[in-house]
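Here is the structure we will look at, set down as C-alpha cells.
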Amino acid sequence: MYKNSDCILLAAGRSRRMNSEINKQFMEINNKPVLYYSLNKILNNKYIDNIYLVLEDIYIEYCKKNILNKWFSGIDKIKIVIGGENRQDSVYNALNIVHGEYVLIHDAARPFLSDECISNAVKYANEYGASSCYVTPNDTIKFNNDSEIKTLKREKLLIIQTPQCFKKSKLICAYNYINKHGINVTDESSALDLIGEKTYFYLGNRLNIKITNKEDIYIGESIQRLF
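Quick note: the sequence shown uses this note's numbering, first residue 721, plus one each step.
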C-alpha cells in the first residue's frame, strides 16, 4: 500500500521568454488556460491529497476569478501559496506549509502530464524516497566548453521533466543545504544530488512538453486534442 502525496503546483513563473502581456500559465490552449490542464489532472489522481498552488501575489485574484471559481469552485483541497522571487524560493515557500509525508512537485507550464506519470512518481517516491520522470533526447547533443565542442553520447543523457516526488524530510534537508550555501538549482532532483541523496528516474512521456515559447502554444493545441 502506497502512501499518498501532497502536490506543489508551480504557477508563479513570470514567462520572460514568452514575451507576452499575460503569464504563460494563464494563456489559453483550445479555450482553456494552460494551468487548467495540469491542475485538473493532478486533482483527479487518486494518490494526491492536497494541492498547494503557488502563484505570484499579483495574479491570485485573477486566478481565483478566471480559473478556480470557474472550473474548480468549492474544492477545498486546493490551497493558494504566494510564490517567491524564483522557482526555488516558490518551492521552499510551499514546502514549509505542506503537511503530508510525501510531496509531488510539478510545473504548471507542463499541462499534458499523464495520470500514469503522476501515479508512478508517488509510487517510486514511496519505494526509493525520491523520483523524477525523464525522456531521452532524439537530437545530437554537443557540449561547448569554449575551447572545443564535443559530441555527447545520447544513450547516456536524460532530459528531466516534472512531476518529481520526494519524501518531504529529504527535500527539506536538501533545501536547507542549498539555501545555506547560496546554491541555485533548476529542479529538486539536483538539490538532492548535492546532499548525496539518490533519485529514482523513470521514463516519462514526450507529450509532457514545457510551454516556454509562443510556438509551444500551437504545439500544445495539437497535443491537447489527443487527451
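Ideal placement from N, C-alpha and C gives every residue a C-beta, glycine not left out. This one's a predicted model, so the numbers in the text were calculated from it and none came from an experiment.
On a CA-only basis, which of Arg-945, Ala-845 and Thr-871 is nearest Tyr-767? Give me that one, please.
Ala-845
Pick helix, strand or coil for Ser-725, following the three-state DSSP scheme.
Ser-725 falls in the strand class under three-state DSSP.
With distance defined between alpha-carbon atoms, name the residue in Ser-793, Tyr-722, Cys-727 and Lys-744 nearest to Lys-930.
For Lys-930, the closest alpha carbon among the candidates Ser-793, Tyr-722, Cys-727 and Lys-744 is that of Lys-744.
Under a three-way DSSP split, which group does Leu-914 fall into?
coil
Between which two residues does the beta strand (DSSP E) containing Asn-864 stretch?
Residues 862-864.
Report the start-end ranges of each beta strand (DSSP E) in the stretch 802-835 that is 3 residues or longer and not cut off at the edges.
822-827, all fully within the stretch 802-835.
Closer than 8 Å is the cut-off here; do at least three beta carbon pairs connect the stretch 887-905 with the stretch 863-873?
no
Report the start-end ranges of each beta strand (DSSP E) in the stretch 770-806 that is 3 residues or longer and not cut off at the edges.
798-802
What does a CB cutoff of less than 7 Å around Asn-904 pick up in its chain, not counting 5 residues either side in sequence?
Gln-808
Would you tell me roughly how many angstroms separate the C-alpha atoms of Leu-914 and Tyr-897, rounded to the nearest one?
8 Å
Can you give me the Cβ contacts of Ala-700 inside the same chain, cut-off strictly under 6 Å, excluding the 5 residues immediately before and after it?
Examination of residue 700 is not possible in this model, given that the chain is present from 721 through 947 alone.
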